[in-house]
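>
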Amino acid sequence: MTIMTVEQIEHFLDEVFPQRMGRIESVGEMCATMRLTVGYEHLRPGPRVSGPTMMGFADVALYVAILAQIGPEPMAVTSDFNCHFLRAASGEHDIIAHARLIKLGRRLAVGEVQIFSAADERRPVVHATASYALPAT
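Here full-length UniProt numbering is used: the first residue of the sequence shown is 1, the next is one more, and so on.
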């Protein structure tokens, strides 16, 4: 069951993490979907979406999935992050992140994210896994 709506999460992030990337499209049971409109600042030569952009975007998407389940918690922090770049993402199209929580415990959350180019939502460009330390309640 989700505790926060898209609107509530966006409002919370505006207060505690205004520099985040992307916008939330949906949240659900243990999942979230986000979209990033790719701009010049996200590009490397090619023009391709840069690795740091996709890593940061994946991290934010999992954080959003966690917030939807546990509520507004600014100190749920990344404790481990692993990223596989599967193919280049064209800088001419938005990128879309599908985040899914695998485990949500009292002190640890573990999840995965697949990022797709909006030009081809069948083949992921990134697969990332991460864990987050959750503060004691």
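Idealized CB from N, CA, C, for every residue including glycine.
1. Using a Cβ-Cβ cut-off of 6 angstroms (strictly less than) and excluding sequence neighbours within five positions of Pro-72, which residues of its own chain qualify?
2. In this structure, what does DSSP give as the bridge partners for Phe-85?
3. Count the other C-beta atoms from every protein chain shown that fall within 10 angstroms of the C-beta of Asp-20, then say buried if there are 16 or more, exposed otherwise.
4. Excluding sequence positions up to five away, which residues of its chain have a Cβ less than 6 angstroms from the Cβ of His-84?
5. Output needed for Arg-87: all residues of its chain with C-beta closer than 6 angstroms, excluding positions within five of it in sequence on either side, in chain order.
On the basis of the data shown:
1. Stepping through the sequence shown from its first residue, residue 72 is reached at position 72. For Pro-72, where only same-chain residues beyond five positions count, the Cβ hits under 6 angstroms are Phe-12.
2. Working through the sequence shown from its first residue, we reach residue 85 at position 85. Paired residue(s): Val-126.
3. Here the question's residue 20 lines up with position 20 in the sequence shown. At residue 20 the sequence reads Arg, which differs from the Asp that was named. Buried: at least 16 other Cβ atoms inside 10 Å.
4. Taking the first residue of the sequence shown as position 1, residue 84 is located at position 84. Around His-84: His-127.
5. Position 87 of the sequence shown, counted from the start, is the residue given in the question as residue 87. The answer, listed in chain order, is Val-125.
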